[in-house]
Amino acid sequence: MSKTVLITGASSGIGEATAKCFLQKGWNVAATMRSPTKAGDWATAENVICPQLDLTQADTISAAIHETLERFGQIDVLVNNAGYALMGPLEGVTPEQLHLQFQTNFFGLVTVIQTILPVLRQQGGGTIVNVASIGGRLAFPLISPYHATKWAVEGLSESLRYEVRRFGIQVKIIEPGGIKTDFVDRSTNWVSHPDYTVMVDRMKRFSKRVDASLPGPERVARTIYRAAIDRSGRLRYSPHGEIFFWLHALLPDRIWRSLIETMMLGQNK
Ligand SMILES: NC(=O)c1ccc[n+]([C@@H]2O[C@H](COP(=O)([O-])OP(=O)(O)OC[C@H]3O[C@@H](n4cnc5c(N)ncnc54)[C@H](OP(=O)(O)O)[C@@H]3O)[C@@H](O)[C@H]2O)c1
């Protein structure tokens with residue numbers, strides 16, 4: 039019998055590439071989306087469904103999981119991929135904006151995991167793949183709300199791994215580096231503050247410049263697939279992110295921070 043993966047945020051970018059990758063490997067795919075009308079032609083395949091799932095609406099989470107179980111009978115792998123970035127100076131962030139950032143990237147992800155865990159335990163196992171970021175272990179300027187959510191995902195995942203391993207459930211963290219998707223344009227919400235304008239403009243210019251030369255999401259999708267079937271107990275995978283972790287480990291902290299600051303914000307004057 040074919041295995042089944044449920045993916046959040048499969049309308050574009052890494053989520054869509056991951057859905058296509060599992061589909062090519064012969065899996066049943068529940069490609070969940072906020073707006074299923076966005077699904078591409080690949081989603082018309084017989085073993086694909088596109089349940090509506092919005093991480094800010096708990097009822098859509100349980101309904102999407104229920105629909106997947108009705109259609110395919112089981113869920114072997116969950117890929118928590120959906121997310122966006124709230125960027126800009128912390129002083130300019132409203133409580134509502136911060137709440138929505140956490141609701142989407144963290145609390146929504148937690149609800150999906152909590153809803154699926156009883157299913158996986160009853161089945162005797164499965165794999166939970168959480169898409170964090172290099173920004174889940176490193177931090178760059180003017181991204182504090184997003185970093186906070188991804189660091190939270192890292193901590194949750196590492197702790198959860200201990201408690202579910204004995205039920206045959208694996209937990210994996212994917213930490214992509216910069217990837218060319220809709221992320222920088224459509225999935226980044228910049229906040230402003232009049233006293234940080236110069237800094238924000240520099241960071242926006244840096245981000246646009248880098249975005250143009252980033253790799254596409256296909257390698258991340260292949261890594262997610264590899265992690266999903268990897269029974270070795272490995273926790274972290276860093277497609278296109280390895281170099282950042284190496285540099286961070288090798289350079290003295292002071293040099294690393296000065297490099298990041300100069301590169302992203304320019305000289306301090
Ligand atoms: N691109 C990068 O450089 C990069 C690097 C590291 C980590 N990541 C992570 O990779 C994941 C995917 O991002 P991406 O690069 O593929 O960007 P993307 O193409 O913009 O995809 C983001 C996905 O998240 C969905 N989403 C946003 N809010 C949602 C909500 N409330 N409920 C359900 N779905 C929601 C979007 O749905 P709609 O189409 O409805 O908006 C879209 O499908 C994110 O978690 C991101 O943090 C990305």
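Numbering (my numbering), first residue to last: 39 to 307.
By construction, the Cβ of each residue, glycine as well, lies at the ideal position given by its N, Cα and C atoms.
Asked	Found
In the DSSP assignment, find the alpha helix (DSSP H) that holds GLN208 and state where it starts and stops.	First-last for GLN208: 207-212, but that is the beta strand (DSSP E), not the alpha helix (DSSP H).
Measure from the alpha carbon of VAL209 to the alpha carbon of each residue in SER195, LEU285, LYS218 and VAL222, then state which is nearest.	SER195
Taking 8 Å as the limit between beta carbons, can you name the residues of its chain near LEU128, skipping five residues before and five after?	SER182 and PRO183
Curious, which full-length alpha helix (DSSP H) runs of at least 4 residues does the segment 223-307 contain?	235-249, 256-267, 280-288 and 291-303
For the putative contact between PRO214 and VAL258, defined by C-beta atoms under 8 Å, what is the C-beta separation to the nearest angstrom?	5 Å
Quick one: give me the first and last residue of the beta strand (DSSP E) that ALA69 is part of.	66-69
Run through the DSSP bridge pairs and tell me what ILE166 is partnered with.	LEU116 and VAL209
Any idea if ASN306 is buried or exposed, counting beta-carbon neighbours within 10 angstroms, 16 or more meaning buried?	exposed
What would DSSP say about ILE52, mapped onto helix, strand or coil?	helix
In whole angstroms, what separates the C-alpha of GLY130 from that of ARG224?	20 Å
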